[in-house]
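A short worksheet on the structure shown next.
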Amino acid sequence: MEGKVNTKNLLRQNAIWLVFVVEAIFFAIFSKGTFVTPGNITNILRQVSYYGIASVGMTFVILIGGIDLSIGSIITLVNMVCAFMMVNMNCHWLIAVLAVLVIGVLIGILNGLMVAKIGIPALIATFAAQTVFEGLAYILTAGMPVSGFNKIYPAMNFFARSTVDLPFISIPWCAIIMVACLAAGSFILNRSYFGRYFYAIGGNEEAAELSGILVDKVKILIYALSGFFAALAGIVMLSRTGSAQATVGKGKEFDVITCVVLGGVSVNGGVGRISGVVAGVFIIGCLTNGLILMNVSEYIQMVVKGLVLAAAVGLDCMSNKRKTN
Amino acid sequence: MSEDFVLELKHIRKEYPGVVALKDVTLQLRRGEILGLIGENGAGKSTLIKCCSGAVIPTSGKIKINGKEFDRMTPQLAAENGIAIIYQEFNNVKELSAAENMFLGRPIRKGITIDRKAMEAEAAKAFEQLHIKINPKELVKNLTVGYQQMIEIAKAIQQNAQVLIMDEPSAPLTNNEVESMFQVVELLRKKGVSIIYISHRLEEIFRLSDRIEVIRDGEYVDTLITHEATVDQLIRMMVGREMTQKFPPRPCCVDESKVVLELRDVCGNGDRNMSFKIHAGEVLGLGGLVGAGRTELAQVIFGAKPKESGQILLNGKEINPKSPREAIDLGIAMLPEDRKRHGALLGVSIKNNINMPIYKRISKASVIDLGTEKNNAEKFRKEIQIKCPTINQQVKNLSGGNQQKVILGKWLAADSQLIIFDEPTRGIDVGAKYEIYKLINDLVAQGRAVLMISSEMEELIGMSDRIIVLAERQMIGELQKEEFNPDTIMTMASAIVDQAQKEVS
């Protein structure tokens, strides 16, 4: 009896990987041999790395029942500030990178303060932050792209352009960074006491507080982490594009939210695992890549992604409804 | 049987899974009378009136309104038959005007638009009938609670209610507001409206009612004519049940020389001037009615709500916990009344629940020592006999009694010295109750101190070493074990002693 339940659970928990396999087979067949090639796999890894990195922070945020809409603007701001510092202020690349990571954390702390201390709903607080920091990014360079930093500091190519070359495949360093971030996220959730706190707060804030968790502080920490991972994603993206564009982060928060929710993290909080999010990241990454290979227009891609998001959240809500009935 | 009853409830029985809330309760309401309905907390008063409103469907029994018999009510059927209920929580929209609230959901229309003028005129007429002065255009959020209640009553009258059921109507009101509410209620009786008036406050029942019905433990006890009844008689009927062996015996283990907690004139969270001591090995019972300020006091001691003045001393040292975290680290624990909302983390495993307060302690550089985590959980699972297949099971799948044990396990893991139980056995079935009582005995035998809030008279008397009674946010008195008596406690809780003293002096 119990064994049966477990198999069912196992299947449900890993159903998302099944979706991924089906998707991969679909593109393998319909992309006329362009999808499963060593070059394209490297390409996919490069494309998904920023989703993967940013989704670690977003997983934490959604796990406690929050949302972070500011990460797209953090990505933009990080791109602009980092490039601006190197090109216009002659900062060493390492200083510029560390500076923007700190900026990401500070924006996250600001979000956390608005949500935890003032009590602004997370949706509004982080939306306000998104608007403000996107605006600041434009102001900094008057909306003009900043490029040429990778000529001054070739090290900036390292993140996304350098690869570790294995016999059949080249793995970009940014993918390795992504794996490290996801592993760290999984470690935090499963082995550190903060993970226990995240699940507790997501399940029931009041009971968590009465169990001795300083809910406000944990929330601020979580938004700070989300800011940090968003900034890191921004650096990877800057390295990949080689030029800072004022529109680079626009709408990226939704891609990341889609990955996380698709990966089974409940928008009601309290439920979710990093392994699911990894699947979510690859599903969205392959979807984008596959559709491009099949010459599907960008607009149709948007339609498909929106439908996928609605389907993922819809499934989550339906299973919740069934539980309460 | 020629008497003119507007409403009759015949042999109403309501079963919930595992609990019988009402067993064969009968109620008869005459035309134009006020019937007081009294009983202890949890006696079944609310369930009974919900059967009249259609919010609860009786398992068996009949509801007879004006001679028509029904098996069950629906909210619509109740309204059609002239039954209106004034709940403690008002059913209003704060941003709308008084008149719009009166016609909520059934506005007067002129074509497809709402005829605001007509609604305001109708509302003004209804208010005038009740001699209440409310501007129909005033937004409800600008009105006091008393006026908001008047709008509810006016709404019922405007809808031609013949039966008005009022559930603790005086609870949210100030003294002056209560007086105006009484006048309206008496006016309604003159107009021939029949009223069921539910209240804890016996003096109100005596002042208003024609007859009084008493229910206890979901059973009908008796109905008395008000001017023939006495307070003592009613209290005995409300609480007077056989005190059977429901409590495990406990040798006295109070250590008078060791004061664990002392409160000196503590004010905060609405409570005033709380002063008492709890000794090691003692169960101090905190009695009183709902709303007397017991839970509020527990929240202050536990750091969940701020203290305004006074001193709290733990083991002789003044403490000032500003959050539950600080209180927990000082050795204070609380098992809240609403287990599912405030107590257990339902979606989290037993293991994680038990370790929640001590994760920092069992982690190195924030990495949890998984061995200690598991051993802790297993240890308390055995020690307090939590019945579960594994400690990895989610708490929501456990019974009420086992959930309470998990919460207690959490505080034992945190090695709390003072444990506050707020209604320790609410919603727990009889067998599990006994186990919880045994656990409380074990706690004091180990030299811990227990503060137990309880609305169940038997539990309070059966488990406490001493009892402190609160009423209206103040301490009314303290009883030693030999003075325990349900009547005394009930009298103190209803603050009738206070009232009587005032009248004497």
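Sequences listed follow chains A and B, in order. When we follow our numbering, the leftmost residue of the first sequence carries the number 1, and every step to the right adds one. When we follow our numbering, the leftmost residue of the second sequence carries the number 1001, and every step to the right adds one. For glycine and all other residues, C-beta sits at the position ideal for the given N, C-alpha and C. If you're wondering where the values come from, they're calculated on a predicted model, not measured in any experiment.
query: Neighbourhood of Thr1113/B by C-beta, 8 angstroms cutoff - its chain only, sequence neighbours within 5 removed; result: none
query: Collapsed DSSP secondary structure at Glu1015/B in the structure displayed; result: strand
query: Beta carbon proximity, Lys1374/B to chain A, threshold 9 angstroms; result: no
query: Proximity winner among Leu225/A, Thr131/A, Gly264/A, Pro154/A, relative to Val61/A (alpha-carbon distances); result: Leu225/A
query: 8 angstroms contact criterion, which Pro1357/B and Gly212/A should meet: CB distance rounded; result: 4 angstroms
query: Rounded distance between the beta-carbons of Ile74/A and Ile107/A, thought under 8 angstroms; result: 6 angstroms
query: Among Asp216/A, Asn90/A, Met156/A, nearest to Gly66/A - alpha-carbon criterion; result: Asp216/A
query: DSSP beta-bridge partners of Gly1268/B; result: Asp1271/B
query: Cβ-based burial, Ile1225/B [other Cβ within 10 Å; buried from 16]; result: exposed
query: Assigned secondary structure, Phe1070/B (DSSP; H/G/I helix, E/B strand, else coil); result: strand
query: Below-9 angstroms beta-carbon distance, Val248/A vs any chain B residue; result: no
query: Members of the segment 1346–1359 of chain B near chain A, C-beta cut-off 7 angstroms; result: Leu1346, Gly1347, Val1348, Asn1352, Met1356, Pro1357, Tyr1359
query: Backbone secondary structure at Phe187/A - three-state DSSP; result: helix
query: DSSP-derived helix/strand/coil call for Val1260/B; result: strand
query: Cutoff 9 angstroms: Met1274/B Cβ touching any chain A Cβ; result: no
query: For Ala1084/B, three-class secondary structure by DSSP; result: strand
query: Helix, strand or coil at Gln1162/B according to DSSP, with G and I counted as helix; result: coil
query: Bridge partner(s) assigned by DSSP for Ile1319/B; result: Ile1312/B
query: N- and C-terminal bounds of the beta strand (DSSP E) containing Phe35/A; result: First-last for Phe35/A: undefined, no H or E at that position.
query: Minimum Cβ-Cβ distance from Leu1412/B to chain A less than 9 angstroms; result: no
query: Presumed contact (8 angstroms Cβ cut-off) between Trp173/A and Val164/A, rounded CB distance; result: 7 angstroms
query: Range of the contiguous beta strand (DSSP E) that encloses Pro172/A; result: 170–172
query: Limits of the unbroken beta strand (DSSP E) element including Met978/B; result: With chain B covering 1001 to 1505 only, the question about residue 978/B has no answer from this structure.
query: Straight-line gap, Leu1261/B to Tyr1220/B (C-alpha atoms, nearest Å); result: 42 angstroms
query: Which residues DSSP lists as bridging Met1452/B, in chain order; result: Gly1285/B, Phe1421/B
query: CB-CB length for Val328/A against Gly280/A, believed under 8 angstroms; result: What is shown of chain A runs 1 to 325, which leaves residue 328/A out entirely.
query: Any C-beta of chain B under 9 angstroms from that of Val209/A; result: It is Glu, not Val, that sits at residue 209/A in the sequence shown. Cβ-Cβ to chain B under 9 angstroms: yes for Glu209/A.
query: The beta strand (DSSP E) enclosing Arg1473/B, as first and last residue numbers; result: Run containing Arg1473/B: none; DSSP gives neither H nor E here.
query: Backbone CA spacing between Asp1338/B and Gly1285/B [nearest angstrom]; result: 18 angstroms
query: Cβ-Cβ distance between Ala142/A and Thr76/A below 9 angstroms; result: no
query: Simplified DSSP state of Glu1008/B, which is helix, strand or coil; result: strand
query: Leu1130/B (DSSP reduced to helix, strand or coil); result: coil
query: Residues bridged to Thr1223/B [DSSP beta-bridge criterion]; result: Glu1213/B
query: Three-state secondary structure (DSSP) of Gln1393/B; result: coil
query: Chain-order list of residues whose beta-carbon lies under 8 angstroms from that of Ser1060/B (same chain, five-residue window excluded); result: His1011, Ile1012, Arg1013
query: Straight-line Cα distance separating Ile1153/B from Ile1086/B; result: 7 angstroms
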